[in-house]
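Going by numbering that gives the first Met the number 0, the sequence shown wraps up at 436, each residue one higher than the last.
C-beta: ideal position from N, C-alpha, C; glycine also.
What follows is one structure encoded as structure tokens, with my remarks underneath.
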Amino acid sequence: MMKANPIAIEPGVPGPEPAELPDDFLRQLTAAGEVDILLFVPSLNNRDTIGHVMNALQLGLVKYFPRERTAVLNADGGSHDGTPQVVRDSIITDFRAFLAANPLRTMHRITAAYDNSKGSWGALELLLSAAELMRAKACAVVSPDLLSIAPEWVESLVRPIRRQEFDFVAPIYHRHKYEGLLIKNLVAPVFRAAYGFRIREPMGSEFAFSGQLASRLLESGGWQQRCCEVGPALGVMAAAIANDYRTCQSFLGPRIYQSRRQEPDLVQVFQDSVGALFQGLEADHACWANRDGSSQVPTFGFEYSVALQPVRVSRKRLLQGFRLGVEELGAILEAILAPDTWRAVQDLGKLSDGGFHFPDELWVRVVYEFAASYHRSVLARDHLLQALLPLYRGKVFSFVMETERATTAEVENRLEELCLACERLKPYLVERWSQEK
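Quick look at the structure:
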């Protein structure tokens, strides 16, 4: 695989002015002193779940890192449901009820507020500042809404950094074959082909990074805006990869969380996720354009299977959404897609339900042409992403039909074929990208 020049972190460019930290927060950091491990839980109205998360993190630190200097930091974005009080109450004083002994060192618990108007960057900026002041050697980010978290997650995220000297740890989740369809059918294959690393969850909500990487990010110019555009996980990981920091992934298990909606807003999720991916390609073009193929990354943890709740997929709605989109958005799609690609998509709309099949190479061409059009600003980017959604529905319908009776191993093989198609056609992405705006 060809090596690219690092571009995501620019040491010669002054970084953003550090945020002014509240006096109470600084006092807590000073009292805690230097730490080896800093766990971070951002929160916003997570009263029902954050207590369980905080307890799991405390137990994980004591069980797996009893001799390390540790701290758990909660940053709240302005909860109105009593979340901060639940955090304050979630303090385990006697670990002997859960473990064989109490910790050998004091575990510090720190609470703070972050500026929610900055979005995810506001929380991450607070973590980076705390990590710098406390000289943390390893940092891990964990969501506040997890129901399936266990103390073992702490070991899985932190051990590769503390014991094997990695700089970034991405998660691997145990998923039902129809869970995470957007990651499996679009985000992960394109990320792998572009950046050259076989990361299964490029946008995983749980991740860890070294203190060295945290310091570099905090002092780097342009990184604050980048994080706002692509999100913390993708922003930190892409920066690590582009600058040759050691990257790995670690198995966590099933990711079950408390949803705030009866049904996720697919349109919003799609726009956020694919928009972040395309924006990342925009920012990192100098990094990925000359990379060929992909490499395995070291993977840690024992990957096991457990029974998962079935994920229902409405095939009828998927296919109807595809056909309606092709019909109603024809003028937009014709402006984005190459003539041959557009004709092939139109032909798909004429297939019977039982004979419908969205070939991998056609799907990859569609995604790459949309990514290049996003780069060239062919039309408003929100509208462009909305136009891709019906075609994604068609690809998912095809995937569901193909894998209805497939085993887990067969599904993995099927997804590997899609990833390889993305790699084969990467020169096409580079070609389309370089066309005049």
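Per DSSP, Val312 is not a residue of any beta strand (DSSP E), being assigned neither H nor E. A Cβ-Cβ contact shorter than 7 Å links Ile335 with Val377. Setting aside the 5 residues that flank it on each side, Ser397 is surrounded in the same chain by Phe355, His356 and Phe357, each with a C-beta closer than 7 Å to its C-beta; the list follows chain order.
Within the same chain, and ignoring the five residues on either side of Ser78 in sequence, the residues whose Cβ sits closer than 8 Å to its Cβ are Ser42, Leu43, Asn44, Asn45 and Arg46.
Here Ile182 is buried. Its C-beta has 16 or more other C-beta atoms within 10 Å. Phe167 is positioned such that its CB atom lies no closer than 7 Å to that of Met106.
At a Cβ-Cβ threshold of 7 Å, Gln295 and Arg423 do not count as neighbours. Taken in chain order, the complete alpha helix (DSSP H) segments of 4 residues or longer contained in the segment 330–384 are 338–347 and 359–375.
Burial state of Phe208 is buried, judged by a 10 Å Cβ sphere holding 16 or more other Cβ atoms.
Per DSSP, reduced to three states, the secondary structure at Thr82 is helical. In the structure shown, the three-state DSSP call for Arg104 is coil.
Sequence-distant Cβ neighbours of Gln248 in its own chain, meaning closer than 8 Å and more than five residues away, are Val168, Ala169, Pro170, Ile171, Ile198, Arg199, Glu200, Val296, Pro297, Thr298 and Phe299.
Contact between the segment 252–259 and the segment 384–404 is absent: fewer than three C-beta pairs spanning the two stretches fall below 8 Å.
Under the rule that a run must span 4 or more residues, the alpha helix (DSSP H) segments found entirely inside the segment 82–169 read 82–88, 119–133 and 151–161. Short of 8 Å from the beta carbon of Arg134, and not among the five residues preceding or following it, lie these beta carbons of its own chain, in chain order: Glu33, Val34 and Gly210. Leu43 sits in coil when the DSSP states are folded into three classes, being neither helix nor strand. Within the segment 268–293, not a single complete beta strand (DSSP E) segment reaches 3 residues in length.
With 16 or more neighbouring CB atoms inside 10 Å of its own CB, Pro188 falls in the buried class. Secondary structure note for Leu328: it is in no beta strand (DSSP E), with a DSSP letter that is neither H nor E. Annotated three-state conformation of Asn242 is coil, per DSSP. Around the beta-carbon of Glu154, 16 or more other beta-carbon atoms lie within 10 Å, marking it buried. By the criterion of a C-beta distance shorter than 7 Å, Val366 is surrounded in its chain by Leu185 and Val189, once the five residues flanking it on both sides are discounted. Boundaries of the beta strand (DSSP E) harbouring Ser209: Phe206 to Ser209, taken from the DSSP string.
Separation of Ala408 and Pro159 (C-alpha to C-alpha, rounded to the nearest whole angstrom) is 26 Å.
The C-beta of Ser304 has fewer than 16 other C-beta atoms within 10 Å across all chains shown, which makes the residue exposed. A residue is called buried once 16 or more other Cβ atoms fall within 10 Å of its Cβ, and Lys394 is buried on that count.
Pairing Ala130 with Ala213 gives a Cβ-Cβ distance under 7 Å.
When Ala149, Val312 and Gly203 are compared, the shortest CA-CA separation from Leu58 is found for Ala149. C-alpha of Gly234 to C-alpha of Gln224: approximately 10 Å in a straight line. Between Gly348 and Val312, the CB-CB gap reaches or exceeds 7 Å.
Under DSSP, Tyr256 takes part in a beta bridge, and its partners are Leu145. In the structure shown, Leu58 falls within a helical segment according to DSSP collapsed to helix, strand and coil. Counting only runs of 3 or more residues that sit fully inside the segment 168–205, no beta strand (DSSP E) segment turns up. Within its own chain, the residues whose Cβ lies closer than 6 Å to the Cβ of Leu384, once the five positions on either side in sequence are excluded, are Gln270, Val273 and Gly274, listed in chain order. DSSP, read as helix, strand or coil, puts Gln27 in helix. For Val410, the enclosing alpha helix (DSSP H) stretches over residues Thr407 to Arg423.
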